[in-house]
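Chain order of the listed sequences is A and B.
Quick note: the first sequence uses the numbering used here, first residue 1, plus one each step.
Quick note: the second sequence uses the numbering used here, first residue 427, plus one each step.
Backbone N, C-alpha and C define an ideal beta-carbon position, used for all residues, glycine too.
The structure appears right after this line, and notes come after that.
2 protein chains.
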Amino acid sequence: MSKQKPAIPKGTRDFGPVEMGKRNFLLNTIRGTFQKFGYMPLETPSMENLSVLTGKYGDEGDQLLYKIVNSGDFLKKTTSEDYAQGAASMLPKIAEKGLRYDLTVPFARYVVMNRHELNLPFKRFQMQPVWRADRPQKGRYREFLQCDADVVGTSSLLCEAEIVMMINETFEKLGIKNFSIHLNHRKVLSGITQVIGAKGKETAFCVAIDKIDKIGKEGVENELRNNDFSEDAIQQLQPLLTLEGDNNQKLIALKSLLNSSEIGKTGIEELEQVMQMVNGFGLQAHHVVYDLTLARGLSYYTGAIFEVKIDNTGVGSVSGGGRYDDLTGVFGLPDLTGVGFSFGVDRLYDAMEALGLFPESSQAVTTVLLCPFDETAMFHALPILGKLREADIPSELFPEPAKMKKQLNYANKKAIPFVIIIGSEE
Amino acid sequence: MSKQKPAIPKGTRDFGPVEMGKRNFLLNTIRGTFQKFGYMPLETPSMENLSVLTGKYGDEGDQLLYKIVNSGDFLKKTTSEDYAQGAASMLPKIAEKGLRYDLTVPFARYVVMNRHELNLPFKRFQMQPVWRADRPQKGRYREFLQCDADVVGTSSLLCEAEIVMMINETFEKLGIKNFSIHLNHRKVLSGITQVIGAKGKETAFCVAIDKIDKIGKEGVENELRNNDFSEDAIQQLQPLLTLEGDNNQKLIALKSLLNSSEIGKTGIEELEQVMQMVNGFGLQAHHVVYDLTLARGLSYYTGAIFEVKIDNTGVGSVSGGGRYDDLTGVFGLPDLTGVGFSFGVDRLYDAMEALGLFPESSQAVTTVLLCPFDETAMFHALPILGKLREADIPSELFPEPAKMKKQLNYANKKAIPFVIIIGSEE
């Protein structure tokens, strides 16, 4: 067998002990919050049938799905005409399965397959890798972890309020102090397009306004013009594009603008109710900011939408979500409402690093290292080692009576806080 | 979009909240043991380059690897001659990546890529899914979890002894009382083929003797005959094939047989040293059984080998491993010795179920459910809910003032032990 210099695929990563320690600190904190709020764990297979995945993420998403070559003679369903026609004709005949692209579609599939056994409202969390054949770049990987929590089967706004609570709790436990939970409502956005006479153009409006942080007010106006919004409409939007003040002042301005829109008023009412509930928990600081520029790309959101940003880290949104009206319609179970959100683990990790928030202890595994002077000392060490572990103290015996410098160096590199040197005389 | 009845790929599984609770109990116990013994977590990508995976698992293994279709125009490196020649010619040109088949090869790759930074001896554990395009059957899945622990960079027999300790500790925490850790040594097996005049036939001997539980003594003898072992050789084996008694009696019989074999004597000495160390820990019962019929299939083992069986469950081996001399030679780093073992999670799960050992609490997530009588009661419940969670008590508020029967039914199905009914008068 030829010797080879091994490598890992572009856009993928090994997580060694140090990174794992930090990631586990992060993931255990998130998991702890989900469970404290009554969310239950779910795991779905890495592979899904392509019939389940295809068409759910738009054309671009379909391109980015990883497809798995059928087992055995994978060409057997193809013809030389298929081959002559190229990849698009061949693909459906050589690949039936693909890798999970997100956790939402597998969750929807699970809900439909188990609808008769589910205890509604069903609260689940899921922390699993997903795969996208995207061009790798800083902070964007081809395999990355998603952490989703969703509750389906209830339209209660308590769920939205609890998402605010879960974000607060998680960030508090992580030690992140300066962050904001941006909150908006799809019905508010619909109301706005209605009152400015651009009904039916919600998507173009949302896409444009979503970019205001990146391209500025003028950029948004230009994009709206390019999408045939009238100058009059853009004029009416001015108070919104420059909305200042606290949440109450923003609501007052919004209410006055949306006075003639039923859907817009519903959106405002729901936002107010969510905040009432958040306040009802008796939280000191909720970090919620009404943000009318928040639209979120995914077209399936229909109610409140969220996005979380951490100050002074240069890291983008680290969490987001919203309410949807029809999670499972595409699988034949219509009108199932729910609300969900997810944490972006890679970005949160980067933010935690930038802020120096990972506890040193997150890396340590072993508490005590026993260092034997010689072969006989190793046998003296065994019962001590047994006793330490009986007391649930993670401990190791250096497996050879090596030079003490080597042994201490091992302890040092592994960040083991306590060392016991064992002689053979005792 | 057409409505479809969704399904999951054959040989894969969803793990709902109940299974997840039990699996997490199992996995947390295993992880706890690994960490207590100083093993550190590692995770590698699900996808590896096929150049890393191919040729490591034999021809059958290569067939069972899941391959991933290259992104974009995956046919661009192929020609119509390739197509005419069939799947074997096409495959290397349309797929560069495959899914992890086990955790050993990725670990070897990781060690080689990080050899200059590793703190030797390097103790790592890894708990991740692997994928095999095998024919699904009871207890055999196409995606399943492996839990491996390995230490590389030391030939100390302490590592072998600690594997015995880790198995004991894990099973004790799981509540499994009746099990045996079968122990043998590749050098003992080599010594035996030497003294019976069948040197060089270790593999055929191991393959035959490994089946003694399934095909019996006569079956093994026939298989040896079919592999050109002489009647004289088979005659000399008789005392071994019918070896009875405790570990000491077996050692005495072995020593007498292997008196003329240096390699065989080394094997026996090492087994004795491992047992001395195990006893040095002061363990009450070590569950170790010398088992000369244990061979283990994998050809890379060179020293002690292990396998664990649970009594009265009908489940096969639930754990196994051994020492190897050359983990990373195929990647250009020769002579790295190590020892490792793994737990078979699916079989352990089945055994735990058969023995009724999963604690009831492993399923429960929520401790308290608050049940509101009406809309106003929901608001009364909020500060109570906040206080419960502040005290780290997993709690929920039923999100709607639904009929009490419905709410209690929810608590019941979710196995929530405490319910607090909230009226609006208080």
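Length of the line joining the Cα atoms of residue i and residue j
i: A434 (chain A); j: E160 (chain A); result: Residue coverage of chain A in this structure runs from 1 to 426, which leaves residue 434 (chain A) outside it and unanswerable.
i: A354 (chain A); j: T754 (chain B); result: 36 Å
i: V188 (chain A); j: G219 (chain A); result: 22 Å
i: V715 (chain B); j: V621 (chain B); result: 23 Å
i: K428 (chain A); j: G21 (chain A); result: No information on residue 428 (chain A) is available, as it lies outside the stretch 1 to 426 that chain A covers here.
i: N114 (chain A); j: V444 (chain B); result: 13 Å
i: K603 (chain B); j: L759 (chain B); result: 41 Å
i: P827 (chain B); j: K462 (chain B); result: 47 Å
i: I848 (chain B); j: M165 (chain A); result: 21 Å
i: R109 (chain A); j: K56 (chain A); result: 12 Å
i: R612 (chain B); j: A630 (chain B); result: 13 Å
i: R457 (chain B); j: W131 (chain A); result: 26 Å
i: G693 (chain B); j: L666 (chain B); result: 15 Å
i: D148 (chain A); j: Y301 (chain A); result: 15 Å
i: G740 (chain B); j: L774 (chain B); result: 11 Å
i: N705 (chain B); j: L811 (chain B); result: 52 Å
i: L408 (chain A); j: R550 (chain B); result: 19 Å
i: G58 (chain A); j: T504 (chain B); result: 28 Å
i: F409 (chain B); j: M40 (chain A); result: This structure cannot settle anything about residue 409 (chain B), because the visible part of chain B is limited to 427 through 852.
Under 9 Å between C-beta atoms of residue i and residue j
i: V152 (chain A); j: P106 (chain A); result: no
i: Y66 (chain A); j: G38 (chain A); result: no
i: D776 (chain B); j: L571 (chain B); result: no
i: K250 (chain A); j: G191 (chain A); result: no
i: P359 (chain A); j: F398 (chain A); result: no
i: M778 (chain B); j: L382 (chain A); result: no
i: V633 (chain B); j: E647 (chain B); result: no
i: P472 (chain B); j: E143 (chain A); result: Residue 472 (chain B) is actually Ser in this sequence, not Pro. Taking 9 Å as the Cβ cut-off, S472 (chain B) and E143 (chain A) qualify as a contacting pair.
i: F343 (chain A); j: S319 (chain A); result: yes
i: A295 (chain A); j: E270 (chain A); result: no
i: T293 (chain A); j: D228 (chain A); result: no
i: Q699 (chain B); j: L795 (chain B); result: no
i: A7 (chain A); j: N475 (chain B); result: yes
i: V69 (chain A); j: L490 (chain B); result: no
Among the options, nearest to residue i - alpha-carbon criterion
i: I736 (chain B); options: B:Q662, B:I848 and B:G601; result: B:G601
i: L709 (chain B); options: B:T504, B:V538, B:P443 and B:E588; result: B:E588
i: N184 (chain A); options: A:S89, A:F306, A:L357 and A:S317; result: A:F306
i: K502 (chain B); options: A:V308, A:A84 and A:L75; result: A:A84
i: K10 (chain A); options: A:L120, A:C371 and A:G139; result: A:G139
i: S497 (chain B); options: B:L546, B:G770, B:A721 and B:I520; result: B:I520
i: D800 (chain B); options: B:I607, B:K829, B:T470 and B:F605; result: B:K829
i: F341 (chain A); options: A:P92, A:H380, A:I393 and A:D102; result: A:D102
i: Q363 (chain A); options: A:E272, A:S80 and A:P417; result: A:P417
i: N28 (chain A); options: A:G86, A:S46, A:L237 and A:K173; result: A:K173
i: Q128 (chain A); options: A:I422, A:T44 and A:H286; result: A:T44
i: T337 (chain A); options: A:E269, A:V111, A:A415 and A:G16; result: A:V111
i: S850 (chain B); options: B:T596, B:D658, B:M804 and B:T580; result: B:M804
i: H286 (chain A); options: A:K211, A:F171 and A:E244; result: A:F171
i: A817 (chain B); options: B:K643, B:T793 and B:K831; result: B:T793
i: L237 (chain A); options: A:A411, A:T193, A:L120 and A:E244; result: A:T193
i: D717 (chain B); options: B:I635, B:S725 and B:E657; result: B:I635
i: D326 (chain A); options: A:S155, A:G58, A:K405 and A:F25; result: A:S155
i: S743 (chain B); options: B:S787, B:K637 and B:S821; result: B:K637
Residues bridged to residue i (per DSSP)
i: F281 (chain A); result: Partner(s): none; F281 (chain A) has no beta bridge.
i: R323 (chain A); result: A:V339
i: A198 (chain A); result: A198 (chain A) pairs with nothing; no bridge assigned.
i: K400 (chain B); result: Nothing can be reported for residue 400 (chain B), as the shown portion of chain B is limited to 427 through 852.
i: I68 (chain A); result: A:K97 and B:I494
i: L310 (chain A); result: It should be noted that the sequence gives Ile, not Leu, for residue 310 (chain A). According to DSSP, which records beta bridges pairwise, I310 (chain A) is partnered with A:F179.
i: F15 (chain A); result: B:E469
i: Y727 (chain B); result: B:Y750
i: S395 (chain A); result: A:V368
i: Q146 (chain A); result: A:Q128 and A:G344
Closer than 8 Å at the beta carbon, the chain E residues around residue i
i: M113 (chain A); result: The structure shown contains no chain E; the protein chains it does contain are A and B.
Practice task
Report the residue ranges of all beta strand (DSSP E) runs contained in full by the region 445 to 490 of chain B; include only those spanning at least 3 residues, in chain order.
Solution key: 473 to 475
Problem - Within the region 523 to 569 of chain B, ranges of the alpha helix (DSSP H) (whole runs, at least 4 residues) - result: 530 to 539
Problem - Whole beta strand (DSSP E) elements within the region 325 to 374 of chain A, 3-residue minimum - result: Those beta strand (DSSP E) runs which fall completely within the region 325 to 374 of chain A and span 3+ residues are 338 to 344 and 368 to 372.
Exercise for the section: Pick out the complete alpha helix (DSSP H) segments inside the region 203 to 243 of chain A, 4 residues or longer, and give them in chain order. Expected result: 212 to 226 and 231 to 241
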